[in-house]
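Heads up, the thing below is written out as structure tokens.
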Amino acid sequence: MTTEPSLANLVVKKNEPPVGNYLWEDPPDEDKFSACVHCGLCLEACPTYQELGHEHQSPRGRIHSIVAVAEGKIDINEAFEDPMFTCLDCRACETACPAGVQVGALIEEARGQVRQARPLKGWQGLVSRFFLRGVFPHTKRLHTLGMLTKIYQKSGAQTVVRKSGAKKVLPDHLGAMEAIMPDVGRPVLKTHPERIPAEGEQKGSVSMFTGCIMDVMYSDVNEATVRVLTKNGHSVEMPKQQQCCGALHVHAGDREMGKKLARENIDTFLEADADHVVVNAAGCGCALREYPELLQNDDEYREKAERFAEKVLDVSKYLYDYGYRAPEAELRKRVTYHDACHLAHGQGVWDEPRDLLEDIPGVEMVPLPNADRCCGSAGIYNITHPDMAGRLLDRKIEEVPDDVEMISMGNPGCMLQMAMGVMNHGRDEAIVHTMQLLDWAYQLEGGETDD
Amino acid sequence: MTEKAEMVEEMIRQLGDDAVLHRKEDLLTYECDGLTVYRGMPLAVVFPSSTEEVSGVVKWLHEHEIPFIPRGAGTGLSGGATPFGGEVIISLVRMKRLLDVDYDNREAVVQPGYINLTLTNSITHKGFYYAPDPSSQACCTIGGNVAENAGGAHCLKYGVTTNHVLGLEVVLHNGEIVEIGGVPDAPGYDLMGLVTGSEGTLGIVTSITVRILKNPEAEETAMAYFDSVEDASYAVSGIIAAGIVPAAIEMMDEIAIQGVERATNPVGHPEGSKAVLIMEVDGIATGIEEQIEEMVSVCERHNVVDIKVAKNDRERGRWWANRKTAFGAMGAISPAYLVQDGVIPRSRLSEVLAHIADISAESGLRIANVFHAGDGNLHPLILFDARNEGETDLALDVGSRTLEACTAVGGSITGEHGVGIEKKEDMRLVFSDEEIERQITVRSVFNPHNLLNLDKQFPKPARCGEVKQAVGSGEAHQVAEQR
Chain R
1 MTTEPSLANL
11 VVKKNEPPVG
21 NYLWEDPPDE
31 DKFSACVHCG
41 LCLEACPTYQ
51 ELGHEHQSPR
61 GRIHSIVAVA
71 EGKIDINEAF
81 EDPMFTCLDC
91 RACETACPAG
101 VQVGALIEEA
111 RGQVRQARPL
121 KGWQGLVSRF
131 FLRGVFPHTK
141 RLHTLGMLTK
151 IYQKSGAQTV
161 VRKSGAKKVL
171 PDHLGAMEAI
181 MPDVGRPVLK
191 THPERIPAEG
201 EQKGSVSMFT
211 GCIMDVMYSD
221 VNEATVRVLT
231 KNGHSVEMPK
241 QQQCCGALHV
251 HAGDREMGKK
261 LARENIDTFL
271 EADADHVVVN
281 AAGCGCALRE
291 YPELLQNDDE
301 YREKAERFAE
311 KVLDVSKYLY
321 DYGYRAPEAE
331 LRKRVTYHDA
341 CHLAHGQGVW
351 DEPRDLLEDI
361 PGVEMVPLPN
371 ADRCCGSAGI
381 YNITHPDMAG
391 RLLDRKIEEV
401 PDDVEMISMG
411 NPGCMLQMAM
421 GVMNHGRDEA
431 IVHTMQLLDW
441 AYQLEGGETD
451 D
Chain W
1 MTEKAEMVEE
11 MIRQLGDDAV
21 LHRKEDLLTY
31 ECDGLTVYRG
41 MPLAVVFPSS
51 TEEVSGVVKW
61 LHEHEIPFIP
71 RGAGTGLSGG
81 ATPFGGEVII
91 SLVRMKRLLD
101 VDYDNREAVV
111 QPGYINLTLT
121 NSITHKGFYY
131 APDPSSQACC
141 TIGGNVAENA
151 GGAHCLKYGV
161 TTNHVLGLEV
171 VLHNGEIVEI
181 GGVPDAPGYD
191 LMGLVTGSEG
201 TLGIVTSITV
211 RILKNPEAEE
221 TAMAYFDSVE
231 DASYAVSGII
241 AAGIVPAAIE
251 MMDEIAIQGV
261 ERATNPVGHP
271 EGSKAVLIME
281 VDGIATGIEE
291 QIEEMVSVCE
301 RHNVVDIKVA
311 KNDRERGRWW
321 ANRKTAFGAM
331 GAISPAYLVQ
341 DGVIPRSRLS
351 EVLAHIADIS
361 AESGLRIANV
371 FHAGDGNLHP
381 LILFDARNEG
391 ETDLALDVGS
401 RTLEACTAVG
411 GSITGEHGVG
421 IEKKEDMRLV
431 FSDEEIERQI
441 TVRSVFNPHN
451 LLNLDKQFPK
461 PARCGEVKQA
471 VGSGEAHQVA
481 EQR
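Taken in sequence, the protein lines are chains R and W. Heads up: the first sequence begins at 1 in UniProt numbering, then just goes up one per residue. Heads up: the second sequence begins at 1 in UniProt numbering, then just goes up one per residue.
So, in structure tokens, the structure goes:
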């Protein structure tokens, strides 16, 4: 069999206007995908392409597929859904892209279309709806879930489950997750007053976005963040009406709920009217900063979203830009730093957290090779795509230098994932948030020891 | 069972389920490489992980007379990895291991899917690097570099890929595995030279031994701005005439500068600059200062507006990132671009650039110029919008005309991007029909049934008078007339 090639037949005559097979609101934006010239510089930045080597599992390939649907060449089917959802939404491609193509936003828009065309069915749909619609949008229910977890841990039930091997009925990756679940404390949104004054001379005032996972699973990180901010002369306000940021919803293609949460948060924080909204969870911070993108077709909220997004800063960048004092006590630790994707690639924050850590006397920073490659957490990716998430986690942990004592980062999803990685590999590095290290260093100034 | 189904079943049997793509949706992303104006659908894409697997696949395809295309990262700019329709693509991206590094003999052995820049990154701690540095080096494969005989900014001093390849393992058209080269100046014909740059038409390279170089003791980089492309061109000629051998001299013109400044890696080129030169000298530390000073004074003689020397490696890195991402940066100012790859004698730079500017004005398409000025390798970037009826054809035509402008002054149609699909017909600008036929005869020795990268690189020899108008090659006219 040989083909009879004809050059003229291969020339792309005209790309049809992108109406194609996107039938719902918010289709992938033509202005965004037409900026991609197919150069391929994103390829080696993409963790899924590095693992699989498949073009359709690369940023440029995914955009190619998105355009193909827009042009009506392919349908929204399983074959389209797979690469859209195998993407980690880690944004490493956006750092690599010479033309500034917003790959993440395109993928999220495409996922919105996929979920409209192909709603999740069966138990997947049930679980997804339960969490995305039933729990996360309702702070009280989320806190109740946290409390139940706490009861599970404190009542001895966890010990019973772990010893009895009952968790063996869970799929492997969920069992591993159960094993690394941190001791759940009480959310700061419940325990702290609405306004916490600065210590000493007031240098600034901020509103704090507490996050869902962060506040339920890592309330100690939130407590540390409040202490570090107030210690540095910044008063902290915690608007009690704040909601989940909606990142998980947008990632999962539930744009409607994502937008609803966005509008509520915008109203809440604009009313509080602080100069800055600080966040210590990279995933949330990135989502909040992208509200204008999410609400681009909302005439009522577009401008408000822009005003709000301009205020949002990761806490490490806020401290770095608006004043902090290096701790005086020594914290003798060898530390490496892992870039959360949504901090480095999503918000362009690379050096600030590293500088904060380096400023702690006694801390020795050890570089982590490929520090900005995704650990596989990616929101709930490690639950939906355990195989790929596990491969990326293994690579990540294998590159952690042998002699570090702590791995610092700025995102709760990464913290859970890395804790699981350290456990699976039989290692004992402590997983910490950058704010926790700073907090400990300040506490040591009171004369405590660094054990 | 259909022919395709049988083939897919066999490939899965040989390579495994996850190493074969055959659904339309997945194949669609393989319809083109870095050149997007030509697209064709492959029959399947397969991902062998070893030389033996490549051999097995090739043997079967050969027996069943199914044409096949080796593919690296798919960053090529001439459509070398683009199917006409119905070929099987053999992707080599899963063969991406560094097999050996021999620092004493300054050699490294890599698999074809190994990334160009990764080699340098893997040996830099020992003070070594791999010299050929195409702008896509962060993502292109060394196998692809061999196929295209890739160049790069620093090829002015260090030569192109063929000057750095020492040995190859090749799977021939029937699946047979052979090794060529391996020792310097091997007796017999220079098969390495023949295979390097053969664009996948002579065999599939499955292992490559390359030369690695010791990092230069010192390097200095300067950036110079000019009020006209002419002044910058004369400065380039002046520097070479002064006897300096720069590691690189790169030029970007006004539109290119606008593009890179609006993209991801801006460096603050002054607005309104008509041309910028990035010049680098490297080598032993002694004399580097003098060379940079001499380059500065040559630029001054040619009305340089501003010139600065990189303060440190970080600044040098930023300048190179700005230059090396220039093609992709066109996305910031145009929905599509077509890049050409003409070569001209350095002394004719300003003349040819003026000619290209005329072509741009006549066609109404903007042309940005980003190129290796030091070795006269032009890269006119023709900016167009495929959504406008007929504009793709116009861009292709403009591309061919820029090549004619190059061959008219004794130049050539490709410096480093290869011929592929894109410049097949333009081969007639530099070769007569008879010369093309002779080369196809050589190809037939390795690729007798034209299954390996079917019909790439050479046009069908013109018979019955169907000769494309050939400019700058009187001979082609004569041959055509004789027929």
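Backbone N, C-alpha and C define an ideal beta-carbon position, used for all residues, glycine too.
Out of Asn322/W, Asp104/W, Tyr103/W and Ile69/W, the CA that lies nearest to the CA of Val88/W is found in Ile69/W.
Going by DSSP, Pro83/R is part of the alpha helix (DSSP H) stretching over Glu78 to Thr86. Linking Gly181/W to Met295/W through their CA atoms gives a straight-line distance of about 39 angstroms.
Straight across, the Cα-Cα distance linking His425/R with Ile360/R is about 29 angstroms. Closer than 7 angstroms to the CB of Pro386/R there is not a single CB belonging to chain W.
Using a Cβ distance threshold of 7 angstroms, Ala405/W and Cys299/W do not count as a contacting pair. When the beta-carbon positions are compared, Met84/R and Val114/R come within less than 7 angstroms of each other. Contact annotation for Ile74/R against chain W: Lys24, Glu25 and Leu28 [CB-CB distance below 8 angstroms, chain order].
Closest in C-alpha terms to Met409/R, from the list Trp350/R, Pro27/R, Glu78/R and Ala45/R, comes Trp350/R. Annotation for Tyr337/W: no alpha helix (DSSP H) segment contains it, though the beta strand (DSSP E) segment containing it runs Ala336 to Val339. Within the region 315-377 of chain R, complete alpha helix (DSSP H) segments of at least 4 residues are found at 315-322, 341-347 and 351-358, given in chain order. Asp190/W and Glu254/W have their C-alpha atoms roughly 43 angstroms apart. A straight line joining the alpha-carbon of Val101/R with that of Cys39/R spans about 12 angstroms. The alpha-carbon of Leu394/W is positioned some 43 angstroms away from that of Leu15/W. Comparing alpha carbon positions, the residue from Phe371/W, Ile356/W and His372/W closest to Leu365/W is Ile356/W.
At the C-beta level, Val236/W and Ile249/W come within 7 angstroms of one another.
At a beta-carbon threshold of 8 angstroms, none of the residues of chain R lie near Asn312/W; the nearest stands roughly 16 angstroms away.
The beta carbon of Leu213/W lies closer than 8 angstroms to those of Arg106, Phe128, Tyr129, Tyr130, Ala131 and Tyr158 in the same chain, with the five residues before and after it left out.
Neighbours of Ala68/R in chain W, taken as residues whose beta carbon is under 7 angstroms from its own, are Leu28 in chain order. Counting along the chain, Arg318/W sits inside the alpha helix (DSSP H) bounded by residues Asp313 to Lys324. Taking Ala105/R as the centre and dropping the five residues before and after it, the same chain places the C-beta of Asp29, Lys32, Glu290 and Glu293 closer than 8 angstroms to its C-beta, in chain order.
Judged by DSSP secondary structure, Glu51/R falls within the alpha helix (DSSP H) whose first and last residues are Pro47 to Leu52.
Taking CB atoms only, Pro216/W has no neighbour in chain R less than 7 angstroms away.
Per the Cβ contact rule, the region 215-234 of chain R is not in contact with the region 262-269 of chain R (fewer than 3 Cβ pairs under 8 angstroms). In this structure, Val228/R sits away from Leu393/R, with a CB-CB distance that is not shorter than 7 angstroms. A direct Cα-to-Cα measurement between Ala275/W and Leu349/W gives close to 13 angstroms.
For Thr221/W, the beta-bridge partners assigned by DSSP are Glu280/W.
Under the criterion of beta carbons closer than 8 angstroms, Ala408/W and Pro335/W do not qualify as touching, at roughly 31 angstroms. Contact between Leu295/R and Val277/R is ruled out by a C-beta separation of about 16 angstroms, above the 8 angstroms threshold. Per the DSSP secondary-structure output, Ala275/W pairs in a beta bridge with Phe226/W and Asp253/W.
Listed along the chain, the chain R residues whose CB falls inside 9 angstroms of the CB of Leu21/W are His54, Glu55 and His56. If you ignore the 5 residues before and after Gly40/W, its C-beta comes within less than 7 angstroms of the C-beta of Glu31, Thr82, Pro83, Phe84 and Gly85, all in its own chain and listed in chain order. Listed in chain order, the alpha helix (DSSP H) elements of length 4 or more contained wholly in the region 40-82 of chain W are 51-63. Interface annotation, Val366/R: not in contact with chain W, CB-CB separation never under 7 angstroms.
Short of 7 angstroms from the beta carbon of Gly258/R, and not among the five residues preceding or following it, lie these beta carbons of its own chain, in chain order: Gly246, His249, Val250 and Leu294. Annotated as proximal: Lys396/R and Cys375/R, with beta-carbon spacing under 7 angstroms.
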